[in-house]
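If you're matching them up, the sequences are chains A and B in order. Okay, so the first sequence: first residue is 484 according to this note's numbering, each after it adds one. Okay, so the second sequence: first residue is 484 according to this note's numbering, each after it adds one. Quick reminder that beta carbons are idealized off the backbone N, C-alpha and C, glycines included. Computed from a predicted structure; not experimentally measured. To start, the structure under review is shown below, and the notes come after it.
2 protein chains.
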Amino acid sequence: MTDGRRSSGETRAGDVLQRMRLDIISCVLKPGAKLRFESLKDMYAVSFSTLREALSRLVAEGLVVAEGQRGFIVAPLSLADLLDLTDVRVLIEREALRLAIEKGDDRWEAEIIGTYHRMDRLQGRLGHEYYLSEDWSKVHGEFHYALVSACGSPNLLEIRQKLFERAHRYRRMSSQFRPKWREKDVEHRTIMEAVLARDPKRAADLIERHIRETTENVVEHAGHLFSGGIPRSGADVAAE
Amino acid sequence: MTDGRRSSGETRAGDVLQRMRLDIISCVLKPGAKLRFESLKDMYAVSFSTLREALSRLVAEGLVVAEGQRGFIVAPLSLADLLDLTDVRVLIEREALRLAIEKGDDRWEAEIIGTYHRMDRLQGRLGHEYYLSEDWSKVHGEFHYALVSACGSPNLLEIRQKLFERAHRYRRMSSQFRPKWREKDVEHRTIMEAVLARDPKRAADLIERHIRETTENVVEHAGHLFSGGIPRSGADVAAE
DNA sequence: GCAAACAATAATTTCGAAATAATGTTCAAT
DNA sequence: ATTGAACATTATTTCGAAATTATTGTTTGC
């Protein structure tokens, strides 16, 4: 074993999978970028087959695209995909939140309050550009997960998680253009309050607005980064 | 190349993936069964790595479960999973159908009528045990896909497809106990009529009933095949 | 007789070389 | 100058052996 930090019970391929997923979500590996095996082999210090396994799983997650027999690329971002993703996320998040509010117990409430607190404090510590921090993104993700975690549906949670991760790449695009993140902060608190007050309709409406406003932010501030209405990869643009 | 039938542009791993998926869905590979590499290597005539890639993708699709460093098993079926799957499918199918009815054009209508016709004729040819036929299952799947295909959301369609395939394994369980498939036949026609009449509410209600009744059928006729009512994985049980 | 430690076996997981497909280049013919 | 075929190069895909890890069976000490 070359890396002692590998968590027990995990295969090396699973380990690389997680690391690559984070790198794609955080755009270290850029959308549309070609994934050459030689580079990746150095980057993650594993062999062809192990890489291939990780890439294959990422394909099924929608973060990587397999191009026939021409290798793999990081799944491109496009306006069309963002808009579609947003609609599907709204559907899933609303339902998951509704169910969680219906079924959640004390422990669930505590987890929400806890993650919100951590997110809030970290935010204060990081200052006004907190949204650029990967640490904050992590806690932010945990907060949103906590909200719906009590929905009782493993399938819904799994689908939600994959969509959330894909959406993070778009969020990151707009974060570089300093959007109105202060408003987002208030939204998180408002959502939490509605959820803890067990108001499913209000909570669902708030989470929908939360998601849609973020999307609008991306379209407004970073929409010009997309080639057009047509979903095209960065590689395609570079090739012109 | 050992197999000339490999479709162009496809990798061998992708080919094995498809074949394994069909074998799992049709329960040639039985739920919970251990997937030993030696057997699979003979069965699909490929090497370790190629198999591993196909298995990895199936893990991400939820048809196979990776057990730490103890290999792979076919994803087990359980009552809890069936019930959860049913609820999520209802959510997705309703929305997809609503959108399709809103956006569908003439070509979409024609495709629905066409697949229904094929399904109906094949059924007549196959006689009263048509539901055991894999050919019929294929057309049946195409009919249900046709209904929602015009929804305009690639993400929704992809999620729906994966859930549909997973559900097929449960449908198959009950089909061996001769459920009331004749009623299903009438339902398909009724659903089609509601869809073509562009009645989203009625169509969504019908598709929901269609899905839920099939689930109830499975629970009633084949529920005893599940280990217990409690949703627990083999790993959880072993850990106690 | 039982349990723990150890050895033997059988499985999975990883590796890097070999095969295969895609891409880029040269060069002749129009 | 442009096209296209043949060749060279580069990258991916596949393979099977080697390393690692789990499982089974055996022995040893209590």
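State the beta-bridge partners of V548 (chain B) as determined by DSSP. B:I556
Which residues share a DSSP beta bridge with L518 (chain B)? B:F555
How long is the line joining the alpha carbons of N638 (chain A) and Q501 (chain A), rounded to whole angstroms? 20 Å
First and last residue of the alpha helix (DSSP H) that includes E648 (chain A)? 637-658
Once DSSP output is grouped into helix, strand and coil, what is the label at A680 (chain A)? coil
Could you work out which residue in B:T598, B:T697, B:C510 is closest to L630 (chain B) when comparing CA atoms only? B:T598
Report back the beta-carbon spacing between H671 (chain A) and F709 (chain A) to the nearest angstrom; my notes put them in contact at under 8 Å. Incorrect: roughly 27 Å between the Cβ atoms, too far for contact.
Taking 8 Å as the cut-off, does the stretch 560-568 of chain A touch the stretch 523-538 of chain A (at least 3 CB pairs, one atom from each stretch)? no
Whole-angstrom distance between F520 (chain B) and V678 (chain A), CA atom to CA atom: 48 Å
Ignore the nearest five residues each way along the sequence and tell me which others in L534 (chain A)'s own chain have a CB closer than 8 Å to its CB. V499, F520, L523, K524, Y527
Measure the alpha-carbon distance for L541 (chain A) versus L582 (chain B) and round it to whole angstroms. 28 Å
The stretch 684-704 of chain B / the stretch 592-607 of chain B touching (three or more Cβ pairs under 8 Å): no
Coarse secondary structure for C634 (chain A), derived from DSSP in three states: helix
Integer-rounded CB distance, given that V573 (chain A) should sit under 8 Å from E691 (chain A): 5 Å
Taking the beta carbon of E612 (chain B) as the centre, do at least 16 other beta carbons fall within 10 Å, making it buried, or is it exposed? exposed
State yes or no: is the C-beta of I507 (chain A) within less than 7 Å of the C-beta of L546 (chain A)? yes
Using a Cβ-Cβ cut-off of less than 7 Å, give me the residues of the stretch 514-535 of chain A that come near chain B, in sequence order. S532, R535
Go ahead and label Q552 (chain B) buried or exposed: buried means 16 or more other beta carbons lie within 10 angstroms of its beta carbon, across all protein chains shown. exposed
Given that a residue counts as buried once 16 or more other Cβ atoms are within 10 Å of its Cβ, and exposed if not, what is D588 (chain B)? exposed
Which same chain residues, not among the five before or five after W619 (chain A), have their C-beta less than 8 Å away from its C-beta? M602, L605, Q606, L609, Y613
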